[in-house]
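Colleague: Counting from -6, one number per residue, gives the positions in the sequence shown under this note's numbering. Here a beta-carbon is modelled for each residue, glycine too, at the ideal position from N, C-alpha and C. Mind having a look at this structure? Questions to follow.
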Amino acid sequence: MDARTDTPAIALRGLHKQFGRQTVLHDVSLTVTPGETVAVLGRSGMGKSVLLKLIIGLQEPDSGSIAIHGQEIVGMPDAELNQIRTRIGFLFQDAALYDALNLEDNVAFPLRRHQRFSRAEQRDRARTLLADMGMSDARTKMPSEVSGGMKKRVGLARALALDPDILLFDEPTAGLDPITCAEIESLITDLKSRRQIAGVVVTHDLHCVRAVADRVAFLNDGRIVFDGPLEDLASSRDETVAEFLAQTQ
């Protein structure tokens, strides 16, 4: 896959998605360049999580274009789409760890599905990633034995298992205490500094946005009503943006 810096990592054009009579996304366009992190803000039920699912191909738009490093994925055959997905890491809101696997095996799981690594290579890769997340001592524990913040760390380690160049974050700091939030934010910013990873962060947390995002897209009623630097968000004339900022300051 071509990941040249002159090609957007993610390019969304005119996306429309409807469930029954409810329009979730309407004419949404958004570009993310390699190494850039874009935060998608908005009230609940405005289509933010649906946007992530479209980017990774878990759902298809009713119309519009989704290009990953210049490759159109809408209508792409499953075999090709699965190859694209190996370059995209996804940190789910609840981490979505497998309850029956210990933390090390959770991180190694993508390696077993998508790559022909030996068991020793899978183990070593998983242990290295857990060490990077400060989770070495907990690698043999089950998900039920660790805190929500630790699960997020393991989920991030798993998202990195296949060495992606795109990371999608669904509410990465939701439900965490301030100290753990800061730790997760630090891990995300550290990834930005060490790799040319393009990121999309869906969040309600303005502190998280300030810590990790290069740009903000505000989604309301299925439309992007603001797209620009965070410092310009307060100058938006959109009433929903002003109301959101007033309630989250």
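Tell me the rounded alpha-carbon separation between Cys174 and Asn213.
Modeller: Numbered from 1 along the sequence shown, position 181 holds the residue referred to as residue 174. Numbered from 1 along the sequence shown, position 220 holds the residue referred to as residue 213. C-alpha separation (whole angstroms): 25 angstroms.
Colleague: Three-state secondary structure (DSSP) at Ser179?
Modeller: The sequence position of residue 179 within the sequence shown is 186, counting from 1. Residue state, collapsed to three classes: helix.
Colleague: Indicate the three-state DSSP secondary structure (helix, strand or coil) for Leu90 in the structure shown.
Modeller: Here residue 90 refers to the residue found at position 97 of the sequence shown. The answer is coil: DSSP assigns Leu90 none of H, G, I, E or B.
Colleague: On the DSSP bridge list, what partners appear for Met18?
Modeller: On the sequence shown, position 25 is the one that residue 18 refers to. One point to set straight first is that residue 18 is Leu, not Met, in the sequence displayed. According to DSSP, which records beta bridges pairwise, Leu18 is partnered with Lys10.
Colleague: Please confirm whether any heavy atom of the ligand SAH lies closer than 8 angstroms to the CB of Val33.
Modeller: As far as ligands go, the structure on display features none, and thus does not contain the ligand SAH.
Colleague: For Met126 versus Leu180, is the C-beta spacing smaller than 9 angstroms?
Modeller: Sequence index remark: in the sequence shown, residue 126 carries index 133 (1-based). Sequence index remark: in the sequence shown, residue 180 carries index 187 (1-based). Closer than 9 angstroms, so yes.
Colleague: Here's the rule I'm using: 16 or more other beta-carbon atoms within 10 Å means buried, otherwise exposed. How should Glu138 be labelled?
Modeller: Your numbering for residue 138 matches position 145 in the sequence shown. Per the 10 Å Cβ criterion, exposed.
Colleague: Using the C-alpha atoms, what's the distance from Asp198 back to Met135?
Modeller: Here residue 135 refers to the residue found at position 142 of the sequence shown. Here residue 198 refers to the residue found at position 205 of the sequence shown. If I take the Cα positions, the gap works out to 29 angstroms.
Colleague: Does DSSP put Val218 in a helix, in a strand, or in coil?
Modeller: Taking the sequence shown and counting its residues from 1, the one referred to as residue 218 is at position 225. Note: Val218 maps to strand in three-state DSSP.
Colleague: In its own chain, which residues sit with a C-beta less than 8 angstroms from the C-beta of Ile77, not counting the 5 before and 5 after it?
Modeller: Here residue 77 refers to the residue found at position 84 when the sequence shown is read from its first residue. If we look at Ile77 and ignore the five residues flanking it on each side, its Cβ neighbours are Met(-6), Gly50, Ile61, Gln64, Ile66, Met69.
Colleague: Count the other C-beta atoms from every protein chain shown that fall within 10 angstroms of the C-beta of Ile172, then say buried if there are 16 or more, exposed otherwise.
Modeller: Here the question's residue 172 lines up with position 179 in the sequence shown. By the neighbour-count rule (16 or more Cβ atoms within 10 Å), Ile172 is not buried but exposed.
Colleague: Excluding the five sequence neighbours on either side, which residues of its own chain have a C-beta within less than 8 angstroms of the C-beta of Phe85, listed in chain order?
Modeller: In the sequence shown, residue 85 corresponds to position 92, counting from 1. Excluding positions up to five away in sequence, the list reads Gly148, Asp163.
Colleague: If you draw a straight line from the C-alpha of Arg151 to the C-alpha of Ala167, how long is it?
Modeller: Against the sequence shown, residue 151 aligns to sequence position 158. Against the sequence shown, residue 167 aligns to sequence position 174. As the crow flies, the alpha-carbon of Arg151 is around 18 angstroms from that of Ala167.
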